[in-house]
Structures are given as C-alpha cells and as structure tokens.
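What follows is one structure encoded as structure tokens, with my remarks underneath.
Numbering (my numbering), first residue to last: 184 to 637.
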C-alpha cells in the first residue's frame, strides 16, 4: 500500500461512527426529557435575585432630598452655569464663581459671576438657584433662578464684614473709555414720586419709550416711594422696584443703569467737560429735535409744578407719533407671581372669579347671584372682608379670598425669605400694592370672570 495515499475508507468509517453516536445521545436526551426525568446541567454559581426584591429596590427612594446640597458637585455646577447662560442670552459671562449652599441649603445654591451686557460694560452679580433632586436617582434640575443679587451667600465678604446679608456693594466703576463709549438718557426731578403705581408705571413706560427711540441707556432710580394709599396712609420710601416688577425682563427690552452708580461714574469721568451733555428743560420738546445728538448724556429736567412736571408728558403732543410706551416691558416680579401660582394650585385650576367694588348687603346678594355653587370661586376686591366671606361660606363652601392664603407670605415662607435676602437682610412687608396686584392677577386667571359693583 502506498503510504502517501490518504485512508479514505477509514476516515469515512470514523466520521460515520461519530455521527451515529451523536444521534443515539440525542434520542436518549429526548426520551428522558419526555419521561420527566430531571437532567442536571452545571453552570457557574450566580447571585440569586428575586423579582420582589428588585421591584422594591426600584420603588424605594435612595436619595435624601432633605440633606444639604453638594453645591461643589461638578455636575450641578455645570448645570447651573448652563441654566444661567440659557436664561440670560444677552449677557456675556466672563467667569463663574464656585456655588455655595443657599437658604434653605437642602434646595438652593448661591453662585456669583462676572459678566457684561449692553447696559453695563462689566459687572458682578450673585443669584440664588433653586434646585430639585429626583428622590430615587438624585438627578439635579434647576427649577428657577432668583433676581439680581438674590444669592448673597456667594458674594465674597468685604474686608472686616461680618454680616452675610449686608446690602450688596454697587457695581464696579467703569473706566473712562468704557463710560465714554456709552450713550445715556437721564430724567431728573418731576412730580411722579410717591404717586399711585398706575401713575408711576405710566411715567416709567414713557421714559423707556424715549430711551429706546434714542437708542440710549436709561439712567433709572431703582428705588420706589410707595404711595400712601398702599402703605397705611403715609408714603413709604425705600422700596425697590424689583419688589414689584421683573427687572431682568425690563433690561431685556431697554438698557438701564442704576442712577446712583451712574452719577458716581459721571463725577469721575464726565464732569470735567470732556464728555458732552445736553439738557432739555421743556417736556414739550419732542425727541425728534435731538435724536441725532452725539452728546454722551442727554438730561431731561422736570420742574416743580404739577401736573406739568410728570414724566409721561414727554410722550404727549408732537412726540406721541414717535414714542410708543413698551407695554410688554412690564412683567410682575416672579416672587409675586409665585404667590399667584400658589393660590391657584390650592384651588382647582378650573375656577371662576368675582371682582367686587363695595361692601354692602346688596353687594352680597349680587355675588350670590353670580356664584355657581358647584365650582371653586375666588372673590377679589377691596370690599372683601371676613364678614362678607363668612356670609358667603354659609351658603357656598367653595368660596375663597386673598387672606385665606396668607401662609404664602407670612414670616418663614418662601416669599418672605427671598424678599429678605433681596432687601439686604431686612424683612419686607407684604404691602397694599402687592396685595392688590396678587388679588387682581388671581382674578384675571379665572375661567368665568364677573365684575360686581355696589
């Protein structure tokens, strides 16, 4: 036999035998399986998991949302920076400071930054970020951002300072070149101070309209004198405009600069005569007469004789065709709108509202004639008192009014703490205009709105 030839016959025999053996094993396996005889197969040991324990693990919270936030967590830090950039698209951020726990520390972090905008060449701000945590995964989400200087715990303390809630320092002074590059409009004097809020807002809107028409930054006093009708019969100085309206939104419509800082900068860089200034002393002079002025500063001076010295007079007469008050510039302060939302959430969202003028017995009958006993009803107006509401509740159990929700603004409420921080550590009263504003905003959000007059 030639040893170089393969053993074809023998190889085929071995292959056939192997196939036959495999077939016998398969038949035996199927037979035993059909007879119900247990077959043991060995696998590497694994940890047993029961469906019940796995389900319980998914449902049980694993995050303590009452603990202090780790504001230094890079993930939270990056989220806060991203939310700030998204919330203020017109601001150019230069640097963010490290966040620190806010108040309360379980749901807030304070963060500072340096930035510049169209209204201010360079400035510092520090704000409070309200943070929620998923009760299972501990994933962060920023629910809202406070107002200007609402996060004082992130501010570096001044040398020798011991009070973390001291009033914030003014923005850093501008250089001469930065100041000279700006174009400003200032209103000086006038009879608008301590007037009712509709009067004040009308004048404010007129000044904003002229600043926008002239393409200038408005020099604005951000303090407000609250009229006597909102403050127990005596005018109340020292209020802040940010208590009532959304300053951030206002700045997004028309550039503004705080007047105290502006005049300090003007004394430093503009009072030597190197920067031009134009003074307008007659409210009847329309802005078309000086719209092309190249002076750094235009000042409108208002006299002492009312009503001719009201700011809103600027927008009347010949100027009316070019000055259009930007009504959309006024939005109410988020802190007050949170109270509005809180009141609505405590009622059914689908509710009716009645606005009352007067407080006589005849008025009660008129209200009853307009109340649907099967729906939630909010009764608004200055004529509402406990006697009237008790009389209505004797007949309808679903009647509500403003004072029934006072837990939303009492001491230690979220609103109270936020306003205290905004006001440099001094508590803020829920004054008459705030009451009127919140009351009216809840009324206008009703599905069916009824005006009832005495």
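The beta-carbon is built from N, C-alpha and C at its ideal position, and this holds for glycine as well.
One Cα belongs to residue 323, the other to residue 263, and the distance between them is close to 10 Å. Annotated three-state conformation of residue 522 is helix, per DSSP.
Going by DSSP, residue 621 is part of no beta strand (DSSP E) but of the alpha helix (DSSP H) stretching over 615-627. Pairwise C-beta distances place the stretch 601-619 in contact with the stretch 327-334, as three or more of them are shorter than 8 Å. When beta bridges are read from the DSSP output, residue 327 appears opposite 313.
With 16 or more other Cβ atoms inside 10 Å of its own Cβ, residue 295 counts as buried. Shown here for residue 311: same chain residues with a beta carbon closer than 6 Å to its own, the five before and five after excluded, namely 285, 291, 293, 329, 333 and 334 in chain order. DSSP places residue 380 in the uninterrupted alpha helix (DSSP H) bounded by 380-397.
The stretch 415-496 contains, as complete alpha helix (DSSP H) runs of 4+ residues, the segments 430-436 and 442-452 (chain order).
Separation of residue 597 and residue 517 (C-alpha to C-alpha, rounded to the nearest whole angstrom) is 12 Å. Annotation: residue 423 to residue 405 spans about 6 Å, alpha carbon to alpha carbon.
Residue environment: residue 466 is assigned as buried (16 or more neighbouring CB atoms within 10 Å of its CB, all protein chains considered). Residue 537 and residue 506 have their C-alpha atoms spaced approximately 36 Å apart. The straight-line gap separating the alpha-carbon atoms of residue 495 and residue 511 is approximately 17 Å. Look at residue 372 here: in three-state DSSP terms it is strand. Cβ neighbours of residue 590 within its own chain (closer than 7 Å, five residues either side excluded): 596. Taking a cut-off of 8 Å on C-beta distances, the stretch 457-464 does not touch the stretch 542-559, as fewer than three cross pairs fall below it. The three-state reading of DSSP puts residue 591 in helix, counting H, G and I together. Cα atoms of residue 248 and residue 287: separation of roughly 12 Å, rounded to the nearest angstrom.
The alpha-carbon separation between residue 392 and residue 491 amounts to approximately 19 Å. If you draw a straight line from the Cα of residue 564 to the Cα of residue 619, it comes to about 8 Å. For the pair residue 535 and residue 558, the CB atoms are nearer than the 7 Å cut-off.
Of all C-beta pairs linking the stretch 476-492 to the stretch 369-378, three or more are shorter than 8 Å, placing the two stretches in contact. Residue 402 places its beta carbon 7 Å or farther from that of residue 362. Taking the C-beta atoms as reference points, residue 554 is found no nearer than 7 Å to residue 584.
Minimum Cα-Cα distance from residue 627 among the listed residues 532, 545 and 592 corresponds to 532. The beta-carbon distance between residue 566 and residue 539, rounded to whole angstroms, is 5 Å. This is short enough to meet the 8 Å contact definition. Beta-bridge annotation (DSSP): residue 299 is paired with 275. Per DSSP, residue 573 is one residue of the alpha helix (DSSP H) stretching across 569-576.
The residues 509 and 512, in chain order, have a CB closer than 6 Å to that of residue 436 in the same chain once the five nearest residues on each side in sequence are set aside. Following the DSSP letters along the chain, one finds residue 256 in no beta strand (DSSP E), marked with neither H nor E.
Contact between residue 616 and residue 417 is absent: CB atoms are separated by about 14 Å, not below the 8 Å threshold. CA-to-CA, the gap between residue 367 and residue 481 works out to about 6 Å. With respect to the 7 Å criterion, residue 588 and residue 527 are not classified as neighbours on the basis of their beta carbons.
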